[in-house]
Amino acid sequence: MSLMSVSVEAVVLALERAERPLRTPAMRAIARDAARQLTRERVDVESVFALCDALIDAESETKGARTVSFEIAYRHRGLRDALDRSKLEQLGRTLDGWASVDHFARKLSGPAWQRGQIPDELVLQWSRSNNFWWRRAGLVSTIALNERHLGKGDAARTLAICELFIDEKADLHVKALSWALRELGQRDPQPVLKFIERHEVRLAPRIIREVRNKLTTGHKMARPSETMQRRMQARARP
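Here this note's numbering is used: the first residue of the sequence shown is 68, the next is one more, and so on.
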């Protein structure tokens, strides 16, 4: 994509020209090129945000525009570091499925929370929302607190969100809770073990099974090698 001046039209054209079926690597490449050009041209943060905001609306006509929007916001350092409640909720206004939610939470809201750009109270508010997708966004935002390349591990804040989903029955929320606990368990297994023991009667059996498998074998389902099992068991000891 030749972008002397990045615009919604240029991004849409690049998406239309991309090989079909449209895949994530292609959308990421478009976003990467756009973010680099915006940086080279020293486009101000508010203008970059306006571009990302407009791409959200373009999704209804051009598949992939929202994904590119999230990726630009993630890759453009100036905008990434300026994400606050207002900007995040504006970019997340059309969240409508697990893919868009997880992309938003892992790339934007979770890292912004981990960096201190949004408060705990906001993520708690999302997690208590009547909106199904914002609830999942709050829960998946905990992943950034515990991923090795981002956070140092944060049991207190992670489990405060997880507490709100203990009695959850919706499949996508059950899966997200299992994911959040497994991610924390790789950094700090003891609080996770205590959490599932304390709430075992109320938690979905799938969560208990997957979390315990992850802590003892290193995988939520398959049986790994004996070496991996010993390593995970050693990590789980006090």
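Glycine included, every Cβ here is placed at the ideal spot set by N, Cα and C.
Every value quoted in this text rests on a predicted model; they were computed, and no experiment measured them.
Alpha-carbon spacing of residue i relative to residue j, whole angstroms
| i | j | result |
| --- | --- | --- |
| V75 | L122 | 6 Å |
| L212 | A179 | 10 Å |
| A237 | P88 | 30 Å |
| D111 | L80 | 23 Å |
| L244 | D100 | 35 Å |
| K174 | F137 | 7 Å |
| A96 | C119 | 16 Å |
| L248 | G285 | 13 Å |
| G131 | E113 | 22 Å |
| A223 | E128 | 42 Å |
| K219 | R254 | 8 Å |
| I228 | S194 | 7 Å |
| L149 | R182 | Looking at the sequence provided, one finds Ala at residue 149 rather than Leu. Cα-Cα distance, rounded: 11 Å. |
| K287 | V73 | 43 Å |
| A117 | L158 | 10 Å |
Beta-carbon contacts of residue i that lie in its chain and below 7 Å, excluding the five residues immediately before and after
| i | result |
| --- | --- |
| L320 | No information on residue 320 is available, as it lies outside the stretch 68 to 305 that the chain covers here. |
| H143 | A102, L105, T106 and V115 |
| S208 | A172, S176, G177, W180 and V190 |
| M71 | Since pLDDT at M71 reaches only 46, below the 50 mark, its modelled position is unreliable, and the value read off the structure follows with that caveat. Nothing meets the Cβ criterion. |
| H170 | T134 and F137 |
| G252 | V259, V278, K281 and L282 |
| F232 | L206, H240 and L244 |
| A125 | V75, V79 and A132 |
| L226 | P258 and F262 |
| L217 | P178, Q181 and A211 |
Close beta carbons around residue i, own chain, < 6 Å, minus the five adjacent residues each side
| i | result |
| --- | --- |
| V168 | L162, W200, R203 and A204 |
| I263 | I275 and V278 |
| D221 | L212 |
| R152 | I185 and L189 |
| G145 | V112 |
Rounded Cβ spacing between residue i and residue j (contact assumed at less than 8 Å)
| i | j | result |
| --- | --- | --- |
| R133 | Y141 | Not a contact, Cβ separation roughly 13 Å. |
| A77 | E86 | At roughly 18 Å, the Cβ-Cβ gap does not stay under 8 Å, so A77 and E86 are not in contact. |
| D11 | R273 | Nothing in the structure corresponds to residue 11, since the chain is present only between 68 and 305. |
| E156 | I210 | Not a contact, Cβ separation roughly 19 Å. |
Cβ-heavy atom distance, residue i to the ligand MG, below 7 Å
| i | result |
| --- | --- |
| R99 | No copy of the ligand MG occurs in the structure displayed, which carries no ligand at all. |
Legend entry - Minimum length 4: unbroken alpha helix (DSSP H) runs contained in the region 220-264: Entirely contained in the region 220-264, the alpha helix (DSSP H) runs reaching 4 residues are, in chain order, 222-229 and 238-254.
Inset, instruction - Taking only runs that begin and end inside the region 110-144, name each unbroken alpha helix (DSSP H) of 4 or more residues, in chain order. - result: 112-125 and 132-142
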